[in-house]
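Here my numbering runs 486 ahead of the position in the sequence shown, where the first position is 1.
The beta carbon of each residue, even a glycine, is placed where N, CA and C say it ideally should be.
Written below as structure tokens is the structure these notes are about.
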Amino acid sequence: MKIERQRVVITGVGAVTPVGSGRDAFWQAICEGRSGTRRLDHLPGGFPVETFRSQVVARVADDDLPERVGSEPEDRRLRLGRRALELVLEDVGLNEEERAETCLVLGNAVGAPSAAEALWLELERRGGDWRDLRAEELLRQLSFHSLTHELALEAGCLGQAVTLSTGCTAGLDAIGAAFELVQSGQATRVIAGSVEAPLTPVVFASFDLIGAISKRNDDAEHASRPWDEQRDGFVLAEGAALVLLEERQAALERGATIYAEICGFASLSNSYHMNKLPKSGEELSECIDQVLADARVAPEAIDHVNAHGSSTEQNDVCETNALKRSLGTRARQITVNSLKSMIGHALGASNAIEIAACALSLKHQHLFPTINFERPGDECDLDYVPNVGRDAEMRYLLKLSSGFSGIHSAMVLAAPEAS
């Protein structure tokens with residue numbers, strides 16, 4: 487029996503980022519090409535930052551994360567997640583009954599590192615004696631699913647509550663899973679996205695040790711520079727984004743604002759290397775071919791690509807070559823941009839934030855720029871919307887994401903007028 491594919495639209499956006507939080511502040515910041523990368527001045531626990539080769543981060547302003555009155559200090563990831571949830575619910579205005587019918591899908595790469603690190607330091611201080619630690623607290627700090635549970639409780643969501651951990655593609659994968667839930671008719675409404683708070687000593691040291699992050703310490707605001715010949719790694723960031731996905735007819739019936747329609751999703755593994763990418767882009771190209779087939783959109787119909795654009799030597803060449811393989815001559819006729827040039831790389835949350843940005847781009851028919859682009863790197867020869875945004879007529883947009891362990895994910899979105 488053939489299952490009818492439901493149409494899926496994005497009707498709510500909640501973004502918490504280093505350049506601004508909330509739909510309007512975030513959109514204004516990225517249209518202006520504002521940099522959120524800064525010189526690292528501290529890490530939790532007073533860890534000496536001078537021990538790192540890289541000293542550049544993209545941090546969310548504390549003013550964007552208000553503490554709850556009368557509550558104990560909360561884990562950074564929980565504060566980011568709660569704020570993103572508040573913003574998306576504020577944007578969509580669901581009533582109590584609609585919230586109860588809503589599912590929640592979150593993706594993440596590193597869980598709750600600050601809580602876990604604090605726990606192990608406390609255990610070390612106690613000489614390994616864990617007996618008077620509360621079991622509930624242990625589970626909350628060490629579980630990848632704890633934030634999903636907390637946010638489902640907060641929102642009153644009684645539908646499925648799902649956690650994915652697929653590394654740097656996790657936000658897009660969570661939104662892809664939510665898309666498939668609605669498309670298949672299993673859900674009418676899903677909140678999906680990712681929350682990451684990786685600016686902790688262990689996580690930062692890990693990326694510093696493998697040489698993945700930028701060492702442009704004396705010019706931190708220009709450290710993230712996708713496709714530029716002077717790029718030297720990504721900028722580790724924190725952030726969160728949640729979007730509301732709905733079945734299109736249900737969204738229209740409740741008078742929802744439609745930012746974009748999701749037309750297709752695909753994901754695969756290149757089985758190549760833990761933290762390297764094949765220069766040819768062959769496997770990423772296969773992922774692009776798969777998502778175009780799933781969306782039933784021809785390569786020549788794509789008007790714009792929001793790339794992973796991480797500012798690493800390997801990724802930027804891999805993506806450029808993959809686009810040429812899959813889109814052919816169309817690759818040189820369209821635009822490609824990278825939000826990470828402004829907000830850094832918040833691991834799994836980065837592509838959830840990027841989906842929020844893509845939805846707003848389609849709604850407003852405007853391209854935000856790739857900042858810090860001065861001279862193209864070798865084999866980086868497409869139109870990357872350098873430094874200044876522009877208006878553009880867009881019907882279909884292709885979103886790409888890649889991550890450590892070789893995962894490639896892709897999504898096709900359409901402007902609301904094309905729905």
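Quickly, what does DSSP pair Arg525 with across the bridge? List them, please.
Here the question's residue 525 lines up with position 39 in the sequence shown. Looking at the DSSP assignment, Arg525 forms a beta bridge with Val542.
Quick one: complete alpha helix (DSSP H) runs, 4+ long, within the region 734-782?
734-739, 768-781
If we ignore side chains and look at the alpha-carbon of each, how far apart do Gly597 and Pro530 end up?
Taking the first residue of the sequence shown as 1, we reach residue 597 at position 111. Taking the first residue of the sequence shown as 1, we reach residue 530 at position 44. Roughly 16 Å separates the two Cα atoms.
For Asp539, does the count of other Cβ atoms within 10 angstroms reach 16, so buried, or fall short, so exposed?
Residue numbering aside, residue 539 sits at position 53 when the sequence shown is read from its first letter. It should be pointed out that residue 539 corresponds to Arg in this sequence rather than to Asp. With fewer than 16 Cβ atoms within 10 Å of its Cβ, Arg539 is classed as exposed.
Among the candidates Glu636, Arg612, Gly498, whose CA atom is the shortest distance from the CA of Ile839?
Taking the sequence shown and counting its residues from 1, the one referred to as residue 839 is at position 353. The shortest Cα separation from Ile839 among Glu636, Arg612, Gly498 belongs to Gly498.
Backbone secondary structure at Glu682 - three-state DSSP:
Locating residue 682 in the sequence shown gives position 196, where the first residue counts as 1. Looking at Glu682 - three-state DSSP - the assignment turns out to be strand.
Bridge partner(s) assigned by DSSP for Ser887:
Working through the sequence shown from its first residue, we reach residue 887 at position 401. Partner(s): Ser895.
Nearest residue (CA-CA) to Ile800, options Ala835, Glu582, Ile699, Gly508:
Taking the first residue of the sequence shown as 1, we reach residue 800 at position 314. The identity of residue 800 in the sequence shown is Gln, whereas the question assumes Ile. For the residues Ala835, Glu582, Ile699, Gly508, the minimum Cα distance to Gln800 belongs to Ile699.
Under 8 Å, do Thr634 and Thr649 count as touching if we go by C-beta distance?
Residue numbering aside, residue 634 sits at position 148 when the sequence shown is read from its first letter. Residue numbering aside, residue 649 sits at position 163 when the sequence shown is read from its first letter. Their beta carbons are under 8 Å apart, which means Thr634 touches Thr649 by this criterion.
Environment of Gln669 [buried if 16+ CB atoms lie within 10 Å]:
Position 183 of the sequence shown, counted from the start, is the residue given in the question as residue 669. Flag for Gln669 reads buried.
In the DSSP assignment, find the unbroken alpha helix (DSSP H) run with Val689 in it and report its ends.
As a working note, residue 689 is residue 203 in the sequence shown. Unbroken alpha helix (DSSP H) run through Val689: 687-695.
Under the assumption that Glu576 contacts Arg675 (Cβ atoms under 8 Å), give the Cβ distance between them as a whole number of angstroms.
Stepping through the sequence shown from its first residue, residue 576 is reached at position 90. Stepping through the sequence shown from its first residue, residue 675 is reached at position 189. No, Glu576 and Arg675 are not in contact; Cβ-Cβ is about 16 Å, not under 8 Å.
Going by DSSP, name the residue or residues bridged to Gly593.
As a working mapping, residue 593 is identified with position 107 in the sequence shown. According to DSSP, Gly593 bridges with Leu650, Ser680.
Beta-carbon spacing of Ser771, Ala808 below 8 Å:
Within the sequence shown, the letter at position 285 stands for residue 771. Within the sequence shown, the letter at position 322 stands for residue 808. Yes, Cβ-Cβ distance for Ser771 and Ala808 is below 8 Å.
If you draw a straight line from the alpha carbon of Arg818 to that of Asp869, how long is it in whole angstroms?
Here the question's residue 818 lines up with position 332 in the sequence shown. Here the question's residue 869 lines up with position 383 in the sequence shown. The C-alpha of Asp869 is placed about 7 Å away from the C-alpha of Arg818.
Comparing C-alpha positions only, which one of Ser796, Gly830, Asp789 sits nearest to Ile820?
Residue mapping note: residue 820 aligns to position 334 of the sequence shown, counting from 1. Out of Ser796, Gly830, Asp789, the CA that lies nearest to the CA of Ile820 is found in Asp789.
Alpha carbon to alpha carbon, how far is Val494 from Lys765?
The residue you call residue 494 lines up with position 8 of the sequence shown. The residue you call residue 765 lines up with position 279 of the sequence shown. When rounded, the distance between both Cα atoms is 34 Å.
Span of the alpha helix (DSSP H) around His850
For the purposes of this step, residue 850 is taken as the residue at position 364 of the sequence shown. Start and end: 834-850.
In the DSSP assignment, find the alpha helix (DSSP H) that holds Thr806 and state where it starts and stops.
Position 320 of the sequence shown, counting from 1, holds the residue named residue 806. In the DSSP annotation of this structure, the continuous segment of the alpha helix (DSSP H) that includes Thr806 starts and ends at 799-813.
Quick one, which of Val591, Leu571, Gly579, Ser632 has its alpha-carbon nearest Ala601's?
The count along the sequence shown starts at 1 and reaches residue 601 at position 115. The shortest Cα separation from Ala601 among Val591, Leu571, Gly579, Ser632 belongs to Ser632.
Ser824 at chain D interface by Cβ criterion, 8 Å
In the structure shown, chain D does not exist; there is a single protein chain.
Give every residue of the same chain whose Cβ lies closer than 6 Å to the Cβ of Ile661, excluding the five residues on either side of it in the sequence, and list them in chain order.
Counted from its first residue, the sequence shown places residue 661 at position 175. Once the five neighbours on either side are set aside, the close Cβ partners of Ile661 are Ala678, Ile841.
Quick check on DSSP: helix, strand or coil for Leu731?
Translated into positions along the sequence shown, residue 731 becomes position 245. Note: Leu731 maps to strand in three-state DSSP.
Pull the bridge partners of Ile788 from the DSSP assignment, please.
Working through the sequence shown from its first residue, we reach residue 788 at position 302. According to DSSP, which records beta bridges pairwise, Ile788 is partnered with Tyr882.
Quick one: residues in its chain with C-beta nearer than 8 Å to the C-beta of Glu707, no 5 flanking neighbours on either side, listed in chain order?
Residue numbering aside, residue 707 sits at position 221 when the sequence shown is read from its first letter. Its chain contains Ser521, Thr523, Arg524 as the residues whose beta carbon lies nearer than 8 Å to that of Glu707, once the 5 sequence neighbours on both sides are disregarded; these appear in chain order.
Quickly, what does DSSP pair Val495 with across the bridge? List them, please.
Along the sequence shown, read from residue 1 onward, the residue named residue 495 stands at position 9. Glu732, Glu747, per the DSSP bridge assignment.
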